[in-house]
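Only one structure is covered here, and it is reproduced in the block below.
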Amino acid sequence: MQCQVTCVCLSVARDAGRYPAPGRMVDAGGYQLHLQVMGEATPGPTVVLEAGLDSFSSNWYWVQTALAPSSVSTDRGPEGA
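See below:
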């Protein structure tokens, strides 16, 4: 069992470097928050999309693309990237 846990932990660490999540991590009061920003800064409103219960910001990709010019999707708490 310990060997399996070790292998999974090593694989997760390796894959995080090989396949980084799209977007960027920002500091939000001591917490790392994953954001996916699309579009350019405009004088109009920016639409903020929050991932729901068992979801991630990448699930908003198609909606976020249609909402251009400016939208941001985020993961909840420590979930996601």
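First residue of the sequence shown? That's 693 in the numbering used here, and the numbers climb one at a time after it. Glycine residues also receive a C-beta, built at the ideal position from the N, C-alpha and C atoms.
Worksheet entry | Nearest candidate by alpha-carbon position, reference V740, set A708, T734, A758 and T766 | The residue you call residue 740 lines up with position 48 of the sequence shown. Taking only the C-alpha atoms, the option nearest V740 is T766.
Worksheet item: Could you give the residue range of the beta strand (DSSP E) that holds S762?
Response: Counting from 1 along the sequence shown, the entry for residue 762 is found at position 70. Per DSSP, S762 belongs to the beta strand (DSSP E) from S762 to T766.
Fill in: Beta-carbon proximity of V697 to G715, cut-off 8 angstroms
To locate residue 697, count along the sequence shown from 1; it is residue 5. To locate residue 715, count along the sequence shown from 1; it is residue 23. In this structure, V697 sits away from G715, with a CB-CB distance that is not shorter than 8 angstroms.
Worksheet item: Would Q756 be called buried (16 or more neighbouring beta carbons within 10 Å of its own) or exposed?
Response: Within the sequence shown, the letter at position 64 stands for residue 756. Classification of Q756: buried, given that the 10 Å Cβ count is 16 or more.
Fill in: 6 angstroms CB neighbourhood of A705 in its chain, flanking five on each side removed
As a first step, residue 705 is located in the sequence shown; it is residue number 13 there, counting from the start. Answer for A705: no residue qualifies.
Fill in: Distance between M717 and H726 (C-alpha atoms, nearest Å)
Here the question's residue 726 lines up with position 34 in the sequence shown. Here the question's residue 717 lines up with position 25 in the sequence shown. Distance between the alpha carbons of H726 and M717: 5 angstroms.
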